[in-house]
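Asker:
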Amino acid sequence: MDVLKIATAGSVDDGKSTLIGRLLFETNSITTDKLEAIMASSKKKGLDYVDLSLLTDGLIAEREQGITIDVAHIYCSTPTRKFIIADTPGHFEYTRNMVTGASNANVSMILVDARNGVVEQTFRHFYISCLLRIPNVVVCVNKMDLVDYDQTRFEEIKAAFMAFAEKVRFAGQEISFIPISSLYGENLVRHSEHMPWYQETPLLSLLEAIPLEQHLSEEPSRFPVQFVVRPKSEEFHDYRAYAGKVASGLLRKGERVVVLPSGQETTIARIEKFGREIEAAQAKESVSVLLQDDVDISRGDMIVPLSQLPQQSRELEATICWMDKKPLRVGSTYLLQHGVNVAKAKVSALSNLIDVVSLENNQQVSELKLNEIADVQLKTAKEFFYDAFADNRANGSFILIDEQTNSTVGVGMIK
1 MDVLKIATAG SVDDGKSTLI GRLLFETNSI TTDKLEAIMA SSKKKGLDYV DLSLLTDGLI
61 AEREQGITID VAHIYCSTPT RKFIIADTPG HFEYTRNMVT GASNANVSMI LVDARNGVVE
121 QTFRHFYISC LLRIPNVVVC VNKMDLVDYD QTRFEEIKAA FMAFAEKVRF AGQEISFIPI
181 SSLYGENLVR HSEHMPWYQE TPLLSLLEAI PLEQHLSEEP SRFPVQFVVR PKSEEFHDYR
241 AYAGKVASGL LRKGERVVVL PSGQETTIAR IEKFGREIEA AQAKESVSVL LQDDVDISRG
301 DMIVPLSQLP QQSRELEATI CWMDKKPLRV GSTYLLQHGV NVAKAKVSAL SNLIDVVSLE
361 NNQQVSELKL NEIADVQLKT AKEFFYDAFA DNRANGSFIL IDEQTNSTVG VGMIK
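This is the structure we're talking about:
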């Protein structure tokens with residue numbers, strides 16, 4: 001079965017953890033002992049219902065405060081599809097957690113409290129979903145039971161969301177709306193008796209039907225070398241292969257390729273996977289590539305088809321989401337990691353600080369603070385081989401690392 005990766009988002013107390021807990025319950029993904037444990041915990045807290053959010057809020061502080069602090073990855077499945085769900089925090093100060101949790105998602109599931117409607121965090125989370133080029137967005141209008149299942153309220157929230165979405169969504173992005181009550185499981189697996197006016201697909205059926213992205217194999221082929229395989233044994237005396245994961249596209253046996261940064265041209269002689277030869281390797285496959293000619297290749301180099309060359313430069317322009325308490329300033333230096341490639345990078349310019357609600361750009365930016373998003377220009381110590389993030393997510397993103405603390409301080413999408 002294929003795997004759908006889902007990132008949840010929403011403000012505090014919108015019910016993300018409860019919704020995920022309910023999905024686990026409805027898909028029979030909870031063991032009997034765990035269900036008994038959360039029933040006991042719910043009774044101990046004096047609740048008159050089973051608090052399914054306890055399935056995902058694993059930290060003691062999360063359970064005490066009733067909020068999500070860290071990203072939790074939850075696994076469940078139906079007879080037709082497997083799901084990996086990232087339960088991300090709703091607090092503004094944990095926006096960075098939402099970015100990391102959504103970085104590889106196929107679907108962004110944004111919750112809106114029916115009582116409060118669309119709020120600033122809703123705009124922020126949708127903007128980040130667009131920034132990360134997540135192709136499917138499902139807006140769950142939760143807690144419909146607290147507004148008497150009012151269709152008018154649902155339509156108001158839908159209209160308010162779309163008024164903002166039309167300004168920032170990218171071509172081809174699909175947006176769906178579902179009125180739900182995660183506490184009672186309404187419109188999750190089956191239609192709610194309280195909302196006969198909603199006749200479209202329940203949430204789980206919608207998630208099962210969403211097509212998985214196949215574009216990775218259609219994008220330009222990129223093979224970053226992670227390791228040079230040279231056994232030097234009697235059996236494999238002259239064996240030399242280059243191991244790594246195909247970042248995007250499709251590598252084929254017999255294809256003419258270029259090795260970057262040297263620019264040397266050669267032909268793929270063989271592609272091996274788990275010791276057997278294959279004709280082609282597609283995106284996300286880990287393989288070993290053998291070339292027709294002896295070429296000087298080391299970790300961090302990239303093998304690409306002759307007809308699909310990437311951009312190559314020591315200067316990058318990117319949109320950055322800042323994730324550190326210490327602000328980013330012009331002149332600061334960091335380690336830039338792009339795939340397996342790492343080099344020093346200096347911030348040469350900072351501009352276009354983005355207000356995710358008004359969508360106004362502040363051109364005069366002196367620093368970038370925690371959870372803020374802006375455009376930066378970087379100069380690197382060596383050349384990188386990259387694509388624009390909008391064209392190739394796998395080869396158009398990077399992280400910035402603080403050399404002193406070794407912490408990831410920023411994520412970037414190359415423009």
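Residue numbering for the sequence shown follows UniProt numbering, starting at 1 and increasing by one per position.
Using N, Cα and C, we set each Cβ at its ideal position, and we do this for glycine too.
(1) Alpha carbon to alpha carbon, how far is isoleucine 84 from threonine 100?
(2) Alpha carbons only, please: which of Val357, Tyr386, Ser307 is nearest the one belonging to leucine 316?
(3) What's the C-alpha gap between aspartate 238 and arginine 276?
(4) Can the beta-carbon of isoleucine 178 be found closer than 8 angstroms to that of valine 107?
(5) Would you mind reading off the limits of the alpha helix (DSSP H) that contains threonine 27?
(6) Across which residues does DSSP place residue 428 in a beta bridge pair?
(7) Using 8 angstroms as the threshold, is the C-beta distance between lysine 379 and serine 348 below it?
(8) So, at 7 angstroms on beta carbons, what are the nonlocal neighbours of glutamine 363 in its own chain, with the 5 sequence-adjacent residues on each side left out?
(9) Identify the continuous alpha helix (DSSP H) that holds residue 468 and give its terminal residues.
(10) So glycine 263 and serine 221 are supposed to be a Cβ contact under 8 angstroms. How far apart are they, rounded?
(11) Rank Gln311, Gln337, Glu218, Val356 by C-alpha distance to the C-alpha of lysine 415 and give the top, closest one.
(12) Pull up the distance between the alpha-carbon of isoleucine 401 and that of serine 77, whole angstroms please.
(13) In angstroms, rounded to a whole number, what distance separates the CA positions of glutamate 156 and lysine 167?
(14) For tyrosine 184, name the three-state secondary structure that DSSP assigns.
(15) In its own chain, which residues sit with a C-beta less than 7 angstroms from the C-beta of residue 416, not counting the 5 before and 5 after it?
(16) Give me, in chain order, the residues of the same chain whose beta-carbon lies closer than 7 angstroms to that of threonine 143; leave out the 5 immediate sequence neighbours on both sides.
(17) Please report the straight-line C-alpha distance between valine 151 and isoleucine 354, rounded to a whole angstrom.
(18) Which residue marks the beginning of the beta strand (DSSP E) containing alanine 72, and which one marks its end?
(19) Taking the C-alpha atoms as reference points, what is the distance between threonine 333 and lysine 346?
(20) Please state whether DSSP places alanine 171 in a helix, a strand or coil.
(21) Give me, in chain order, the residues of the same chain whose beta-carbon lies closer than 8 angstroms to that of residue 493; leave out the 5 immediate sequence neighbours on both sides.
(22) Residue ranges of each beta strand (DSSP E) run of no fewer than 3 residues wholly in the stretch 195-278, ordered along the chain?
(23) Can you check which of these residues, Val376, Val147, Val141, Thr31, is closest to alanine 160 by C-alpha distance?
(24) Based on the DSSP secondary-structure assignment, which residues constitute the bridge partners of asparagine 136?
(25) Are the beta-carbon atoms of asparagine 361 and glycine 300 separated by less than 8 angstroms?
(26) Check whether the Cβ atoms of residue 431 and proline 224 sit closer than 8 angstroms, and answer yes or no.
(27) Beta strand (DSSP E) containing phenylalanine 398: first to last residue?
(28) Return the first residue and the last residue of the beta strand (DSSP E) that phenylalanine 83 is part of.
(29) Here's a check: name, in chain order, each residue in its chain whose Cβ is nearer than 8 angstroms to the Cβ of alanine 209, leaving out the five neighbours to either side.
(30) Output the distance between the C-alpha atoms of isoleucine 175 and proline 196, rounded to the nearest integer angstrom.
(31) Among Phe389, Gly331, Asn104, Asn371, which has the Cα closest to the Cα of leucine 212?
(32) Distance check for glutamine 337 and valine 409, CA to CA, integer angstroms please.
(33) When we look at the beta-carbon of cysteine 292 and count the other beta-carbons within 10 Å, is it buried (16 or more) or exposed?
(34) Nearest to glutamine 226 by alpha carbon, out of Tyr75, Arg270, Ser205, Ser298?
(35) With 16 other CB atoms within 10 Å as the buried threshold, where does threonine 31 fall?
Answerer: On the basis of the supplied data:
(1) 14 angstroms
(2) Tyr386
(3) 18 angstroms
(4) no
(5) Premise fails: threonine 27 is in no alpha helix (DSSP H) and is neither H nor E.
(6) Only positions 1 to 415 of the chain appear in this structure, which leaves residue 428 out of reach.
(7) yes
(8) Ser351, Asn352
(9) Beyond the ends of the chain as shown, which are 1 and 415, falls residue 468; an answer cannot be given.
(10) That belief does not hold up - the Cβ atoms of glycine 263 and serine 221 are roughly 17 angstroms apart, past 8 angstroms.
(11) Gln311
(12) 36 angstroms
(13) 18 angstroms
(14) coil
(15) The question about residue 416 has no answer, for the chain in this structure spans 1 to 415.
(16) The amino acid occupying residue 143 in the given sequence is lysine; threonine does not appear at that position. Same-chain partners within the cutoff: Gly15, Asp113, Ala114, Arg115, Ser181.
(17) This sequence places glutamine at residue 151; valine is not what is there. Straight-line Cα distance between these residues: approximately 34 angstroms.
(18) 72-77
(19) 4 angstroms
(20) coil
(21) The first residue shown for the chain is 1 and the last is 415, placing residue 493 beyond what the model contains.
(22) 227-229, 241-245, 250-252, 256-260, 264-273, 276-278
(23) Val141
(24) Val107, Glu174
(25) no
(26) Missing from the structure shown is residue 431; the chain here goes from 1 to 415 and no further.
(27) 397-401
(28) 82-87
(29) Thr201
(30) 22 angstroms
(31) Asn104
(32) 12 angstroms
(33) Strictly speaking, residue 292 in this sequence is glutamine, with cysteine absent from that position. The residue is exposed, with fewer than 16 neighbouring Cβ atoms inside 10 Å.
(34) Ser298
(35) exposed
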